[in-house]
Every structure is written in structure tokens, then in C-alpha cells.
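*Asks:* Protein chains in written order, with the numbering used here: chain A, 22 to 96; chain B, -18 to 557. All C-beta atoms in this analysis are idealised placements derived from N, C-alpha and C, irrespective of residue type, glycine included. Have a look at this one.
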């Protein structure tokens, strides 16, 4: 898109996220497959701004590391 | 890219609502069969009910409704254009499906005697069964899939279903949106359960994934059925919904209605008698805006605190649970404020309206070995429970078909051609981003197809869609995820062209706003008491033609026939 998407809806708390210990719950849950492991931190990160704000990632996270914001454009 | 070959008896494409049921029922019908459930996301959290569902909109429960009564109501609600045999197949199997889901652990609302607590929302009959604890429904389905030993593959994007020389289903082609592997699946029967074409119009917010339907559902099955040579029906009967403005989720008059909530204009006045979604209801919504009485709101602020708290609990924990934080962000409190609504962008969805792949009462499409169920199968207004019932019918029909069918052969040239078509964006160094092509395509859908419809606009739309088709050859992708988005653009484009072609063909107005033709504002006579079918001709052209209605098995009574034509509240209309 013509704008730079800097405010992704899915926020991951890096202190709580245990993706670096092998957890992939949120990455597996996402219907749009927009979450991935950030290779620099080993933690989960929203890689594509293609979010339905449906919340399985947040609800299923075993450490409550995720918060999903309503995307800015429709907030 | 490496190729993986898989052999199965029954292939179910789509693991949301209808798909798991189809897979379970095929396997239960014949445990010897190999049944494979293929899902684009992950079966645990995929499809329209990824976060659960807050109720059944169309439960036919003894004591509240009869199949005949339900069939008559949906016949009228869908302006007469129904195959009543398919509606009966739903209605007659509705109650046993509720009982079966109940036995699996799905929770429905019951009264103090343990009976189902059915509510009235429709214009005539009583069919709504709330599910205040419906958030676990996907977990229940997943448990049942595991118990039934269904093979599941996640993150596969199916793109085409191929037939053999006799026109029977023989292959499905797919790719892995993570590894990029090409999947060639040999199957005797394929059941399409890929949901609505929910990414057709562009939401007014401009956020491409801020759709009403789960945006994973890009119309994949509509496109696959079309290219397999199946008939599609009622495509001109668009899905247009009254939604929460910008959030684009349901305001949910079905949940709030039985508790005393309703839809009002800016003056806080009711203007429609029934909040049940129909084209006629949307037409009144549209008229209210056009008449300067908008915006339209959902009103619950007159209700008692405990009722509002109950509404909040249900609406903020089910189906679209992020709704609560949307309202919070704008400072909307149901106790003081009404919820601003708007008219959604268009989609295709037989769950809500009628556009879908043509099926008979056995969930068979017009292609041998190809079945369809759920939002993409043309069984008007069939909603979630219809997806389960038709999932069952499709699974059982496919299992029976497999008893005599052999694995078919296809011309391998087609398999290679599809590989080239699908993977081409990965080979292009320069080109257009799929997201940009999709944005433009869906903006054009809004510009040229959003009702009210008029021929010249739709013809221009078709010309612009043809330009987008050329742009498909320019798309580039740097990984399998982007490749998935590129494949979806071609699904969306097929749906857009079908939507325009079917709408141009039906030169009358019908279904209220869903097919309101400004150049043909009146309902046509008997010549339009027909289905409009779309099909790919053997030469590859899109053909549109009439299919006669089957005689009604339960003709609507004279008093019922026009009830959906008079949804505007009469006293209010008289005072204006």
C-alpha cells in the first residue's frame, strides 16, 4: 500500500512470549497466517497487516502475551 | 517447488463449519474410506465461527416451527427464488442436527425445564435459539474430528478441482502457504466447504481485511466450482448486511431483539417491523438513509441494566469478541448510546442470502463427484445450522458415491499448467504487489457493483475487471504467503465477474437492495420466476442462463406472500 503500516494491530509482549522456547500457539491459530517468529528476537511478531481482529491468537496464548488492537483505520 | 502427491477417497476442502461435519459424516457412513480434511488456515480456529457463534438463526424445533412453515417463510424471504426440495432437506434435518451437536457438547440455551429456549426474530415464525456459551463450538468440532480419526492438513490453499474425460472429479490442486510445496490430491469425491466470498467489496474503512466475513474466505470455492464446470446460482442476489459502522461486524439484532433491542433511525424511531436480514429489510434501511432520516442505529439504551449487562456478555465473548474494545475506543456505552450502523460492502454468501454453488437436496453439484455445503452452497438463508446439515448431507452423499466410483485420471498437462499458473508470481522479479491489485479490484467492485445497480455501470465494471485480469499476469510474490494472496486475487476476480454478469442478466429488480436495478425498478413477471445460473462453457466463456423453478412443495399462503414486501412500520409510514 502507499502508506507505511507502522501500527500493526497484534502487539506481543516480548517479556511474556515464549515462542523462543518452542511455543507456536498464536502462529498456528491465526486464520490469516499473519504471525511469525521474529528471527532477531525469537518471539512472535505480526508480519503482515492482514488482521481480522478475531482474537484466537490472544485468547489461546498460554502466557497472555498478546493484545490485539482494533486496526487504526477503523478504530 | 517440490510436489507432494496424496491419494484419498473423499477430500473435504475447508475446515470451518460445514467441512468438519462433512468429513465426520463421510467417515461415519463408511469407516473404510480415507477422508482428508484440507484447510487453508488451521482447523482449530478457522472459518466463520473461529471464535464461536452466539446462536442458531434458523432452528426448526418441534413445538415452535414445522419444516413446512420454515420452507414457506424462507421462500417468501428469498422472493420466491428457491428450490424448496433443498430447503426441506435442511428443515427436516435441522432438529436432529441440534440434538447431535448438543450430544457432542455444544451448548444451547434451555429453559428451566431443559427445553430449548427458542426466540422470535423472523417476520413470521420462531426459529432463533441462542447460544450464550457458544464460544467453544470449534473445540467441540475439533475433538469430534480427532475421535473420528479424520486426516487433517492445515495451511493448504486449494486452487483448482480437475475432472477426468467423463467430467467426473479426479484431482484437486493446492499449495502450502508456508513451505510452497505443490500438492496434487487424487480423490474420488471433493466436497467444497470454503465459505463465503467475503473479500469481494472493499470495506468503507479502507482496511482490506476489515470485512464482515472471515477474510480468509475469498470466494475460493466459488471460483473452483466455476472452473470445474459446475453451475452457480443466485449470484446476483448479493450479500449486503446492516453492520456496525467501520467495525463491520453484526450489530446483532438477533441477539438483542428477543431482549428488547431494535433498529432505529436518527430520531430514535423504529422503521422496520422485523430485524431479520433480508434484501427487503436492507432496502428499507437504504430508503431511510436516502430519505434524510439516517444514520441508522441499534438501540438498547432503554433496557434494564441487567439486560444490557447480559447483552454485553454475549456480544463481547462470542463470534466477534473484539467488538467490546471497538466500542470502548469510541466511548460507546450501550447504557447511554445507540450503536451507529451502516450498509456493508457486497459479498456472496448463501448462508445469509442466496448466492452459491448450485446443489440439490443431496448436496450434489452439477459435476459428478463434486459436492458443496455451507455458505458457498446455494441453499438460501441457511446460516450455521444449514452448514452443519448440508455438511452432513454432503459427507453422506460423497461416501455413497465412493462405493462405486474409481479414482479418475486427468490429462497431466492440466496439472502442469496449474503449477505454472499458481507459482508464476514467485518467478517474477518485478511486478505488482498482490495487495495493490486486490485493493484496486475491490475498489472497482464498490464503484461498479454496489447496489443500486444499473447496466451501464456494470458493463464498465466488467471492462475494468478485464484489465485487472491482465494485471494478474504481472503479480509478483516473494514468498508462499504472498503467493496465497495472489491466488486469492484471482478468486475474487472470478467472483466479481460472475456478480456483474448475473446481475446484468436479470433485467428486473428482486430481493430488495440485493438486486435493485435502477433501470428495471419493478419485479418482472413470470419470466423472472427462475433461477439465474452461471457456468463456464467448454470454450472457457462465462455463460449465464435461466433454470426453471421446481414446483413448490409448500406454496406460501396468500396472507404470507407479500409479508416481506411490507417491512416498513405502517403507522410510521403514515405519519410521514
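Can you pull the chain B residues whose beta carbon is under 7 Å from the beta carbon of residue 54(A), in chain order?
*Replies:* Position 33 of the first chain, counting from 1, holds the residue named residue 54(A). The contacting residues are 22, 136, 158, 462.
*Asks:* Please specify which runs of the beta strand (DSSP E), each continuous and at least 3 residues long, are wholly inside the stretch 232 to 268 of chain B, giving them in chain order.
*Replies:* As far as the stretch 232 to 268 of chain B is concerned, its whole beta strand (DSSP E) runs of at least 3 residues are 243 to 245.
*Asks:* Express the C-alpha separation of residue 438(B) and residue 412(B) in angstroms, rounding to a whole number.
*Replies:* The count along the second chain starts at 1 and reaches residue 412(B) at position 431. The count along the second chain starts at 1 and reaches residue 438(B) at position 457. In a straight line, the C-alpha of residue 412(B) is about 29 Å away from that of residue 438(B).
*Asks:* Using a Cβ cut-off of 9 Å, which residues of the stretch 51 to 78 of chain A contact any Cβ in chain B, in chain order?
*Replies:* 51, 52, 53, 54, 55, 57, 68, 69, 70, 71, 72, 73, 74, 75, 76, 77, 78
*Asks:* Short of 8 Å Cβ to Cβ, which residues in the stretch 185 to 201 of chain B face chain A?
*Replies:* Within the stretch 185 to 201 of chain B, the residues whose Cβ lies closer than 8 Å to some Cβ of chain A are 186, 187, 188, 189, 190, 191, 192, 195, 196, 197, listed in chain order.
*Asks:* Starting from the beta carbon of residue 307(B), find every residue of chain A whose beta carbon is closer than 7 Å, and list them in chain order.
*Replies:* By one-based count along the second chain, residue 307(B) stands at place 326. The contacting residues are 91.
*Asks:* Taking only the alpha-carbon atoms, compute the straight-line gap between residue 338(B) and residue 479(B) and give it to the nearest angstrom.
*Replies:* Taking the second chain and counting its residues from 1, the one referred to as residue 338(B) is at position 357. Taking the second chain and counting its residues from 1, the one referred to as residue 479(B) is at position 498. Whole-angstrom Cα-Cα distance: 12 Å.
*Asks:* Counting Cβ pairs, one atom from each stretch, are 3 or more of them under 8 Å apart for the stretch -10 to -2 of chain B and the stretch 172 to 187 of chain B?
*Replies:* Touching, per the Cβ criterion.
*Asks:* Please return the same chain residues whose Cβ sits closer than 6 Å to the Cβ of residue 94(A), not counting the five positions on each side in sequence.
*Replies:* If you number the first chain from 1, residue 94(A) lands on position 73. Within the same chain, residue 94(A) has no close Cβ partners at all.
*Asks:* Assuming residue 41(B) and residue 76(B) are in contact, meaning their beta carbons sit under 8 Å apart, how far apart are those beta carbons, in whole angstroms?
*Replies:* Counting from 1 along the second chain, the entry for residue 41(B) is found at position 60. Counting from 1 along the second chain, the entry for residue 76(B) is found at position 95. Between residue 76(B) and residue 41(B) the Cβ distance is about 6 Å, and since that is below 8 Å, they are a contact.
*Asks:* Contact criterion: CB-CB distance below 8 Å. Does residue 22(A) meet it with respect to chain B?
*Replies:* In the first chain, the residue the question calls residue 22(A) occupies position 1. In this prediction, residue 22(A) has a pLDDT of 47, which is less than 50 and means its spatial position is unreliable; nothing more can be read from the coordinates.
*Asks:* I'd like to check one pair, residue 425(B) with residue 445(B): are the Cβ atoms closer than 8 Å?
*Replies:* Against the second chain, residue 445(B) aligns to sequence position 464. Against the second chain, residue 425(B) aligns to sequence position 444. Against a cut-off of 8 Å, the Cβ pair of residue 425(B) and residue 445(B) comes out as a contact.
*Asks:* Pick out whichever of 511(B), 323(B), 309(B) has its Cα sitting closest to the Cα of residue 488(B).
*Replies:* Position 507 of the second chain, counted from the start, is the residue given in the question as residue 488(B). Ranking 511(B), 323(B), 309(B) by CA distance to the CA of residue 488(B) puts 511(B) first.
*Asks:* Return the first residue and the last residue of the alpha helix (DSSP H) that residue 207(B) is part of.
*Replies:* Translated into the one-based positions of the second chain, residue 207(B) becomes position 226. Here the alpha helix (DSSP H) through residue 207(B) covers 201 to 208.
*Asks:* Would you say residue 439(B) lies against chain A (beta-carbon separation less than 8 Å)?
*Replies:* Position 458 of the second chain holds residue 439(B). Chain A, which has no Cβ nearer than 8 Å to the Cβ of residue 439(B), makes this no.
*Asks:* Measuring straight from C-alpha to C-alpha, what distance separates residue 234(B) and residue 164(B)?
*Replies:* For this step, residue 234(B) is matched to residue 253 along the second chain. For this step, residue 164(B) is matched to residue 183 along the second chain. Going by the C-alpha atoms only, they are around 43 Å apart.
*Asks:* Tell me which residues of the stretch 308 to 320 of chain B have at least one Cβ-Cβ distance to chain A shorter than 7 Å, keeping chain order.
*Replies:* 310
*Asks:* In its own chain, which residues sit with a C-beta less than 7 Å from the C-beta of residue 14(B), not counting the 5 before and 5 after it?
*Replies:* As a position in the second chain, residue 14(B) is number 33, starting the count at 1. A distance below 7 Å between beta-carbons, with the five flanking residues on each side excluded, links residue 14(B) to the following residues of its chain, in chain order: -10, -9, 7, 8, 380, 383.
*Asks:* For residue 319(B), does the three-state DSSP call read helix, strand or coil?
*Replies:* For the purposes of this step, residue 319(B) is taken as residue 338 along the second chain, with counting starting at 1. Here residue 319(B) sits in coil by DSSP.
*Asks:* Who pairs with residue 36(B) in a beta bridge, going by DSSP?
*Replies:* The residue given as residue 36(B) occupies position 55 in the second chain. In the DSSP assignment, the residues bridged to residue 36(B) are 111(B).
*Asks:* Which residues does DSSP list as the beta-bridge partners of residue 549(B)?
*Replies:* Here the question's residue 549(B) lines up with position 568 in the second chain. Partner(s): 253(B).
*Asks:* Is it a yes or a no for the stretch 254 to 263 of chain B touching the stretch 231 to 245 of chain B, going by three-plus beta-carbon pairs under 8 Å?
*Replies:* yes
*Asks:* Could you spell out the range, first to last residue, of the alpha helix (DSSP H) harbouring residue 156(B)?
*Replies:* Here residue 156(B) refers to the residue found at position 175 when the second chain is read from its first residue. Where residue 156(B) is concerned, there is no enclosing alpha helix (DSSP H), although the beta strand (DSSP E) it sits in stretches over 150 to 157.
*Asks:* Could you say if the stretch 240 to 255 of chain B and the stretch 352 to 371 of chain B meet the contact criterion of at least three C-beta pairs nearer than 8 Å?
*Replies:* no
*Asks:* Tell me the DSSP secondary structure of residue 346(B) in three-state form.
*Replies:* In the second chain, the residue the question calls residue 346(B) occupies position 365. The answer is coil: DSSP assigns residue 346(B) none of H, G, I, E or B.
*Asks:* Tell me the DSSP secondary structure of residue 557(B) in three-state form.
*Replies:* For the purposes of this step, residue 557(B) is identified with residue 576 of the second chain, where counting begins at 1. Here residue 557(B) scores only 39 on pLDDT, less than 50, and its place in the model should not be relied on; the value that follows carries that caveat. It is coil, neither helix nor strand.
*Asks:* For residue 516(B), collect the residues of the same chain with a Cβ closer than 6 Å to its Cβ; drop the 5 residues on either side in sequence, then sort them by chain order.
*Replies:* Along the second chain, one-based indexing puts residue 516(B) at 535. Taken in chain order, the residues that qualify are 212, 524.
*Asks:* Pick helix, strand or coil for residue 50(B), following the three-state DSSP scheme.
*Replies:* Start at 1 with the first residue of the second chain, and residue 50(B) comes out as number 69. Correct three-state label for residue 50(B): helix.
*Asks:* Measure the CB-CB distance between residue 509(B) and residue 218(B) and report whether it falls below 8 Å.
*Replies:* Within the second chain, the letter at position 528 stands for residue 509(B). Within the second chain, the letter at position 237 stands for residue 218(B). No, Cβ-Cβ distance for residue 509(B) and residue 218(B) is not below 8 Å.
*Asks:* How many Å lie between residue 127(B) and residue 115(B) at the Cα?
*Replies:* Taking the second chain and counting its residues from 1, the one referred to as residue 127(B) is at position 146. Taking the second chain and counting its residues from 1, the one referred to as residue 115(B) is at position 134. C-alpha separation (whole angstroms): 20 Å.
*Asks:* With the cut-off set at 8 Å, would you say residue 119(B) and residue 85(B) are in Cβ contact?
*Replies:* Position 138 of the second chain, counted from the start, is the residue given in the question as residue 119(B). Position 104 of the second chain, counted from the start, is the residue given in the question as residue 85(B). Going by C-beta atoms, residue 119(B) is not nearer than 8 Å to residue 85(B).
*Asks:* If the criterion is Cβ atoms closer than 8 Å, does the pair residue 196(B) and residue 324(B) meet it?
*Replies:* Taking the first residue of the second chain as position 1, residue 196(B) is located at position 215. Taking the first residue of the second chain as position 1, residue 324(B) is located at position 343. Cβ atoms of residue 196(B) and residue 324(B): not closer than 8 Å.
*Asks:* Go to residue 514(B), then tell me how far its alpha helix (DSSP H) extends in each direction, as first and last residue.
*Replies:* Start at 1 with the first residue of the second chain, and residue 514(B) comes out as number 533. Residue range 511 to 517 is occupied by the beta strand (DSSP E) that includes residue 514(B), with no alpha helix (DSSP H) assigned at that position.
*Asks:* Taking contact to mean 3 or more Cβ pairs, one atom from each stretch, closer than 8 Å, check whether the stretch 537 to 546 of chain B and the stretch 55 to 69 of chain B are in contact.
*Replies:* Contact between the stretch 537 to 546 of chain B and the stretch 55 to 69 of chain B is present: three or more C-beta pairs spanning the two stretches fall below 8 Å.
*Asks:* Can you find at least 3 beta carbon pairs, one from the stretch 177 to 195 of chain B and one from the stretch 283 to 298 of chain B, that sit closer than 8 Å?
*Replies:* no
*Asks:* What are the residues of the stretch 35 to 51 of chain A that lie near chain B, defined by any Cβ-Cβ distance shorter than 8 Å?
*Replies:* The stretch 35 to 51 of chain A vs chain B, Cβ under 8 Å: 49, 50, 51.
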